[in-house]
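Working notes, structure below.
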Amino acid sequence: MLKLYGFSVSNYYNMVKLALLEKGLPFEEVVFYPGPSPEALAISPRGKVPVLGVDQGFINETSVILEYLEQSQKGTPLLSSEPFERAQALALAKEIELYIELPGRACYAEAFFGMTLPDAIKDKTKAELLLGFASLGRHGKFAPYVAGDSLSIADLYFLYSVPLACAVGQKLFGIDLLAEMPAAKALLERLEQNPHVQRIAADKEAAMPAFLAMVASKK
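Once you know that position 71 of the sequence shown is 71 in full-length UniProt numbering, the rest is easy, because the numbers rise by one and skip nothing.
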């Protein structure tokens, strides 16, 4: 059986978890926090999550895990078999990660954990998020899903990256990054009604106390 290593508060972990659930694949969840311990590095070369355990060993990096599942496992496809459409979905996923997820993540410490960051970091995040959301508005189809008429890998990144970035935008800059994208807001509402998404949200809520305790222990 496939084993998913990580923790339910991680948005990247939840991207892979949703893929597994949507594809109808049996898997076991193994609680695994990132870190530099020898035990962690034996599973993940950089000590990060998620990691997928398979018969041959471990696969790390979310995008690689998702493509592995597409190529090696049966179940509902999350990428088109048509090369151009497949490339468009993967490009959208990469754009969301590079231009929305990563800039927003730079300010998570202040937005979610009460730390104070230098203005230079926040200014850079704000500028990059505005550019990233403008790019999403130009490239995303939202018909009704990010890349077209069916759920794809692009939607996994959208669902688990965009709301966090929007929270950063609202809390730190007082801006609604989806103000000009009603179709994107509608898609978030649609995805939140998905039973698998609701299960993942419940698991995240249940795991939050242990996660916060782990974070507090490292301060």
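Every residue, glycine too, gets a C-beta built ideally from N, C-alpha and C.
For this session: Count the other C-beta atoms from every protein chain shown that fall within 10 angstroms of the C-beta of residue 84, then say buried if there are 16 or more, exposed otherwise.
Result: Looking up residue 84 in the sequence shown gives position 84. Looking at its Cβ environment, which holds fewer than 16 other Cβ atoms inside 10 Å, residue 84 is exposed.
Problem set entry | Three-state secondary structure (DSSP) of residue 58 | For the purposes of this step, residue 58 is taken as residue 58 along the sequence shown, with counting starting at 1. If DSSP states are grouped into helix, strand and coil, residue 58 belongs with the strands.
For this session: Identify whether residue 95 lies in helix, strand or coil by the three-state DSSP scheme.
Result: Numbered from 1 along the sequence shown, position 95 holds the residue referred to as residue 95. Three-state result, residue 95: helix.
For this session: Identify every residue that forms a DSSP beta bridge with residue 148.
Result: In the sequence shown, the residue the question calls residue 148 occupies position 148. In the DSSP output, where bridge partners are listed per residue, residue 148 has 145.
For this session: Could you give the DSSP three-state label for residue 52: helix, strand or coil?
Result: Residue numbering aside, residue 52 sits at position 52 when the sequence shown is read from its first letter. Three-state result, residue 52: strand.
For this session: Could you say which of 155, 116, 175, 110 lies nearest to residue 129 if we only look at CA atoms?
Result: Taking the first residue of the sequence shown as 1, we reach residue 129 at position 129. Per the Cα distances, 175.
Problem set entry | Run of the alpha helix (DSSP H) containing residue 168, from where it starts to where it stops | In the sequence shown, residue 168 corresponds to position 168, counting from 1. That run of the alpha helix (DSSP H) goes 153-173.
For this session: Can you say whether residue 45 is buried or exposed, counting buried as having 16 or more other CB atoms within 10 angstroms of its CB?
Result: Position 45 of the sequence shown, counting from 1, holds the residue named residue 45. Per the 10 Å Cβ criterion, exposed.
Exercise. Smallest Cα separation from residue 100: which of 166, 49, 47, 10?
Worked result: Within the sequence shown, residue 100 is the residue found at index 100, counting from 1. Among 166, 49, 47, 10, the Cα nearest to that of residue 100 belongs to 166.
Exercise. What does a CB cutoff of less than 7 Å around residue 172 pick up in its chain, not counting 5 residues either side in sequence?
Worked result: Mapped onto the sequence shown, residue 172 falls at position 172. Closer than 7 Å at Cβ, skipping near neighbours: 107, 110, 111, 122.
Problem set entry | According to DSSP, residues forming a beta bridge with residue 4 | Mapped onto the sequence shown, residue 4 falls at position 4. 29, 52, per the DSSP bridge assignment.
For this session: Kindly indicate the opening and closing residues of the alpha helix (DSSP H) around residue 105.
Result: To locate residue 105, count along the sequence shown from 1; it is residue 105. Note, residue 105: alpha helix (DSSP H), 102-105.
For this session: Take residue 76 as the anchor and find which of 20, 39, 51 has the nearest alpha-carbon.
Result: As a working mapping, residue 76 is identified with position 76 in the sequence shown. Nearest C-alpha to residue 76 among 20, 39, 51: 20.
Exercise. Does any C-beta atom of chain C lie closer than 8 Å to the C-beta of residue 211?
Worked result: This model lacks chain C altogether; it includes just one protein chain.
Exercise. Contact between the stretch 25-33 and the stretch 194-202: three or more CB pairs below 8 Å?
Worked result: No, because fewer than three Cβ pairs between the stretch 25-33 and the stretch 194-202 fall closer than 8 Å, the two stretches do not touch.
Problem set entry | Own chain partners of residue 135 with C-beta closer than 7 Å, once the 5 adjacent residues on each side are dropped | Residue numbering aside, residue 135 sits at position 135 when the sequence shown is read from its first letter. Only 95, 99 meet the Cβ criterion.
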